[in-house]
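Chains as they are written, first to last, in my numbering: chain A, 820 to 981; chain B, 23 to 282.
Written out below as structure tokens is the structure these notes cover.
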Amino acid sequence: MTLIRHHGGWVITFTFVAALMLTMLPLPDWAALFRPEWVAMVLIYWCLALPDRIGVGIGWTLGLLLDVIKGALLGQHALALALVAYLTIHLHQRIRVFPLWQQALFVLLMVALNQMLVLWVKGIIGQPPGSWLYWLPSLTSMLLWPWAFLILRDLRRTFQVR
Amino acid sequence: MLTSVALMTMDHRQNHLDTIRASLSLVVYPLQYLVDLPSAIGHWASDNLSARATLQDENQQLRGRQLLQEVRLQKLYALEAENARLRELLNSASKVGEQVLIGELLAVDQDPFRRRVLINKGSDAGVFEGQPLLDAYGVLGQVVEVTPFTSNALLITDPSHAIPVQVNRNGLRAIALGTGEAGRLEIPHIPNNADIQVGDLLITSGLGRRFPPGYPVATIIEFEKDPSQPYARVVAEPAAHLERSREVLLVSRTAEDPLP
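Laid out in structure tokens, this is it:
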């Protein structure tokens, strides 16, 4: 029974790895400010789709990897992503039935919360970015959410991830 | 939740977590390597697939430059010998040589609000924390984090970076602060009547003992005197090609340099 229920774990791993790589992909200076929070988006999707498999623990681990990648204080992204995962799982039954644009608003809220927590930590240790451009990733994440959602859903259905 | 807060405080206050960070970086390294791969392949391809004529051309050019630089080098040797002689006369210790390790930047982006780069040499190659980073034109920054195979360096334009400098023309000492913008350094606390001109070269002063003295850092591009302000506004442009170089030099000193 458990074998059938847990199916296609490699697809989930692959999407997370892809998200981490997209986070590192070199972009020109002006475009780097627009980079969406890929990891947060993929995490939100899997929390909505498979709340019994993907949860706070995985969000926390991903956040830790993100800290190492970004050279940030160990734990700041972990804290933020764990909270995002918790809230998404808490609300997943409501969010799932929303139309795509409402989901996108939810993603905006979540990514902004994620960024807010990171900003707090940065402020506390004295490295605030000090520019409104800091919030651009929330907006781009929201705008890209419908496409990300459709791609991830197709992946999930094709490979029957359960 | 509590774990992450605890982790953050520990990371901020102490250095116990270096081992954790290093082991996690081993997990991340393959990803970073993969992201860097396309641009590395591009470089490899352009190196290997260029036409014979281009190579010959380049060879000729390089030969010409080599000759020129050899001539200059001879002059430099003579000057160095003279310098040593004079120092002996003055009875002061001579400068000690520096060892250089060549690293390559990984094409990996990090936080866009900070100026940091990832280098493909780590503690296994002998990189250490605080090691100065140069390119062919001047000072780039310093290493702030070392993991087994990679290291993370802070560029001189990072907002949290400051480097002690000296005006090459008259020896005036100052501190150059990063602004977070590419190609801009600020020099605070320069009085209005200071002897600084646009175009002056700033070199490392060696004070603070982190950077070796005498390397070019930046040239002054703006010097604005405002009588209503206590200090003048001085902006400089880094000499190193911060956003363009791919090969970097990691300098380590064989012995402590004397203070200038």
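The beta carbon of each residue, even a glycine, is placed where N, CA and C say it ideally should be.
Since the structure is predicted, the reported quantities are computational estimates derived from the model, not experimental observations.
Phe978/A carries a coil assignment under DSSP once its states are collapsed to helix, strand and coil. Annotated three-state conformation of Arg85/B is helix, per DSSP. Within the DSSP secondary-structure output, Gly163/B pairs in a beta bridge with Leu155/B, Leu177/B.
Tyr864/A has its alpha-carbon roughly 8 Å from the corresponding atom of Leu971/A. Around the beta carbon of Lys97/B, fewer than 16 other beta carbons sit within 10 angstroms, so the residue counts as exposed. If you check the CB distance, Leu264/B and Gly125/B do not come in under 7 Å. Here DSSP, grouped into helix, strand and coil, assigns Glu203/B to coil. Cα atoms of Leu224/B and Val49/B: separation of roughly 41 Å, rounded to the nearest angstrom. Gln895/A is positioned such that its CB atom lies no closer than 7 Å to that of Val861/A. Fewer than three beta-carbon pairs drawn from the stretch 885-895 of chain A and the stretch 912-929 of chain A are found closer than 8 Å, and the two stretches are therefore not classed as touching. CA-CA distance, Asp146/B to Thr172/B, rounds to 9 Å.
At a cut-off of 7 Å between beta-carbon atoms, Gln153/B makes no contact with chain A.
Residues of the stretch 54-74 of chain B with a Cβ closer than 8 Å to any Cβ of chain A, in chain order: Gln54, Leu56, Val57, Ser61.
With its beta carbon less than 7 Å from one in chain B, Leu844/A belongs to the interface. Taking 7 Å as the cut-off between beta carbons, the residues of the stretch 168-188 of chain B near chain A are Asn174, Ser182, in sequence order.
When C-beta distances to chain B are compared with 9 Å, the residues of the stretch 851-867 of chain A below that value are Ala851, Leu852, Arg854, in chain order. Residue environment for Asp69/B: exposed (fewer than 16 other C-beta atoms within 10 angstroms of its C-beta). For Tyr253/B, the enclosing beta strand (DSSP E) covers residues 253-260. Per the Cβ contact rule, the stretch 234-242 of chain B is in contact with the stretch 149-169 of chain B (3 or more Cβ pairs under 8 Å).
Between Val139/B and Val187/B, the C-beta gap is not smaller than 7 Å, which leaves the two residues out of contact.
Taking Gly230/B as reference, the option from Gln78/B, Ala198/B, Gly144/B with the minimal CA-CA separation is Ala198/B.
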